[in-house]
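The next block holds one structure in the form of structure tokens; read it before the comments.
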DNA sequence: ACTTTGCTTGAAACCGGTTACAGCAAGGAG
DNA sequence: CTCCTTGCTGTAACCGGTTTCAAGCAAAGT
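Following this line, the structure appears as structure tokens:
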């Protein structure tokens, strides 16, 4: 454990001033070639690296951005979303020398303090907020502190905040139309939570599909869940118990779709033969499932990358005041859980 | 976007000096009750929060710790491990007001720079290293820089580095014995990569089970994979193609077990009826699988928590020079992929 | 020979906190 | 009434960088 070198010591050893060392470190001009060489020599010799905290204080930017996760104890589907997203954003940040600070919290009040300290402590230059809600309190902290924000999902109530999103309505519509075209008249729609913006958009898509094919929506077939396996499982069990077996299910998450399929299986109904089920997300397990799941793929990794790109663009400041955003298309991945009716 | 307050301005507004404000902020003694009240009043009024970067520079600690992930583009099994682990460690760090910086990298050389800057830039007080290998280069950086390290998995070659681990040998032994006791004579062992320490320990456990029951190990039944679905799938396909259908499989990961099961299914062999398969990990999908997977559970969340605890203990400094470590027990979770032979 | 120009360099201020130390007032002991 | 605590507070140095500004100096221009 060598003691940590400072710029001052390097300067002394190279026989120059701190200012010159700083110029060399940051490739500023105005240093003679020989001085530069000499300083670089000393830096290499002592394998000096500048203290990033001190640099951060001086520059008022830290080259790190925060990733604000809704709740640590979130559901599995969120986990898989999270990990893919993380990979995407890391790829970009890493490339540009930025660090990623992940903020999570077990409880609601801890969450607040965690957000506040991140917003006001000057430890991050910008943040990406996952699982944004209507009039999200968290956003206010960051905006008030003047920290650039990119949300994942359209931030309703914040018309100027940058975001990345996925075409939820379009994806849901394509999936629903696919089922309708397969000849399924009644499609049970197991949606996410009512307050979730994504849920609303997906419901819109579901209805649009019926409208496009001039069919009536049976309101009794729209059910709100929470994206979980259990919500799919219980919903289908409930329908089967009441003797109302739907011929097709469109679930707003792959997990819920898997739950639905499991319920059908237990009732001896073969999915992909007698009934069709479509999920949403295309989580990595979707194609290992039995039957392999037909689903609507979200390009989560790409969304992570794009969120990172937008944030960095903002940080570099060469953007106008126009809102930056990108909505990604979805893709229907047809596997074996769907069949012509 | 209000301009950010500094301690100086608060001091001026409260009619005291920076030092006094600092004392109030940190609950130091030696401040009269009325002064304290006055300062707190001003702080609240302007909802001032101290700049954590400046504090970090002054204190030479930043209250943030790094989580070093092997590679971003790792396999799915690692992902699920990662997310659970992250939840665990976050729970602890969060409780103690620490931030988590996640270091990942797409390529090997970026990875190096990322580690180095984290080790030497003074941005983290300590690190947790995931997926540690023999004589891991990364550890050297951190140790050289005097940064406390906790590894996940026993760090071979570093006898003084703290770690958390799971009883890989014990878990593998229990699983293997369970299969042997079910009457399976030949157990195909689809292990992880040879160089992985966990793989070695699991193989040891596999052999120990045979020895305990006075049976011979058939060396041809020990195969090295990479924990992936594909490695399980291909291995079983290979065996079936050569007409050597094993009656039981023990896979070193749930993913590999699922791959094996899929291969059996495709060959028309019913797992949980004709053959038995046991996995390792107990990933969240294990019980949704068809058949629900018998597996060896690792307490990943708890391991995350413990890693955090150990690291914080180290940072508080009130520990001796003794190595801190904890090895967690595994638990055999019997579901429906195993059957008496 | 004297000014101008341009390049290189260092001194010093600054970023926003923490803390050692000294000063000062009030209260108690002798 | 003096001396000594004791408690509160402010001054100033420090953490380790960046950056402004002025100065030094050599080459070029007049």
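Residue numbers (the working numbering), protein chains in the order written: chain A, 8 to 348; chain B, 8 to 348.
All C-beta atoms in this analysis are idealised placements derived from N, C-alpha and C, irrespective of residue type, glycine included.
DSSP, read as helix, strand or coil, puts residue 111 of chain A in coil. Secondary structure note for residue 15 of chain B: its alpha helix (DSSP H) is the uninterrupted segment 14-21.
Take residue 214 of chain B, set aside five residues on each side of it, and the residues of its chain with a beta-carbon closer than 7 angstroms to its own are 224, in chain order. Distances from the CA of residue 145 of chain B to each of B:175, B:171, B:110, B:176 were compared; the closest alpha carbon is that of B:110. Note that the C-beta distance between residue 18 of chain A and residue 64 of chain B is not below 8 angstroms.
Closer than 7 angstroms at the C-beta level to chain A, one finds these residues of the region 291-315 of chain B: 291, 292, 295, 297. In the three-state scheme derived from DSSP, where H, G and I count as helix and E and B as strand, residue 337 of chain A is classed as coil.
Residues of chain B with a Cβ closer than 8 angstroms to the Cβ of residue 58 of chain A are, in chain order, 64, 128, 129. DSSP links residue 230 of chain B through a beta bridge to B:197. Going by DSSP, residue 286 of chain B is part of the beta strand (DSSP E) stretching over 283-288. Taking the C-beta atoms as reference points, residue 26 of chain B is found no nearer than 8 angstroms to residue 45 of chain B. Per DSSP, reduced to three states, the secondary structure at residue 104 of chain A is coil, with no helix or strand assignment.
For the region 174-195 of chain A, the set of residues with a beta-carbon nearer than 8 angstroms to any beta-carbon of chain B is empty.
Contact between residue 170 of chain A and residue 280 of chain A is ruled out by a C-beta separation of about 41 angstroms, above the 8 angstroms threshold. Chain-ordered listing is empty here: chain B has no CB closer than 8 angstroms to the CB of residue 328 of chain A, the nearest sitting near 13 angstroms. In the DSSP annotation of this structure, the continuous segment of the beta strand (DSSP E) that includes residue 75 of chain B starts and ends at 71-75.
Taking the Cα of residue 14 of chain B as reference, the smallest distance to any Cα among B:39, B:343, B:274, B:47 is reached at B:47.
Excluding five sequence positions before and after residue 123 of chain B, the CB atoms of its chain that fall closer than 6 angstroms to its own CB belong to 148, given in chain order. Bridge partners of residue 257 of chain A according to DSSP: A:196, A:285. Unbroken alpha helix (DSSP H) stretches of 4 residues or longer found wholly inside the region 143-168 of chain A: 144-151, given in chain order. The count of Cβ pairs closer than 8 angstroms, one atom from the region 232-252 of chain A and one from the region 311-319 of chain A, stays below three, leaving the stretches out of contact. Scanning chain A for C-beta atoms nearer than 9 angstroms to the C-beta of residue 269 of chain B yields 295, 297, reported in chain order.
At a cut-off of 8 angstroms between C-beta atoms, residue 61 of chain B counts as an interface residue with respect to chain A. Contact between the region 206-220 of chain A and the region 335-345 of chain A is not established, with fewer than three Cβ pairs separated by less than 8 angstroms. Distances from the alpha-carbon of residue 222 of chain A to those of A:184, A:262, A:137, A:248 put A:184 closest. Using a Cβ-Cβ distance cut-off of 8 angstroms, the region 161-179 of chain A and the region 92-111 of chain A are not in contact, since fewer than three pairs of beta carbons, one from each stretch, lie closer than that value. Every beta strand (DSSP E) of 3 residues or more that sits fully in the region 294-340 of chain A is shown, in chain order, as 301-304, 332-335, 338-340.
Separation of the CB atoms of residue 240 of chain B and residue 267 of chain B is rounded to 7 angstroms, and the pair is thereby assigned contact status at 8 angstroms.
Looking at the backbone, the Cα of residue 142 of chain B and that of residue 130 of chain A are separated by about 33 angstroms. For residue 58 of chain A, the closest C-alpha among the options A:32, A:96, A:74 is that of A:32. Setting aside the 5 residues that flank it on each side, residue 159 of chain B is surrounded in the same chain by 92, 135, 136, 137, 138, 139, 170, 171, 172, 310, 314, each with a C-beta closer than 8 angstroms to its C-beta; the list follows chain order. Each residue's CA atom was taken as its position, placing residue 244 of chain A and residue 270 of chain A some 6 angstroms apart.
The beta carbon of residue 336 of chain B sits closer than 6 angstroms to those of 174, all from its chain and outside the five residues before and after it, given in chain order. Just so you know, the alpha carbons of residue 237 of chain B and residue 191 of chain B end up roughly 24 angstroms apart. From the beta-carbon of residue 69 of chain A, the residues of chain B found nearer than 7 angstroms are 60. The beta carbons of residue 30 of chain B and residue 37 of chain B sit closer together than 8 angstroms.
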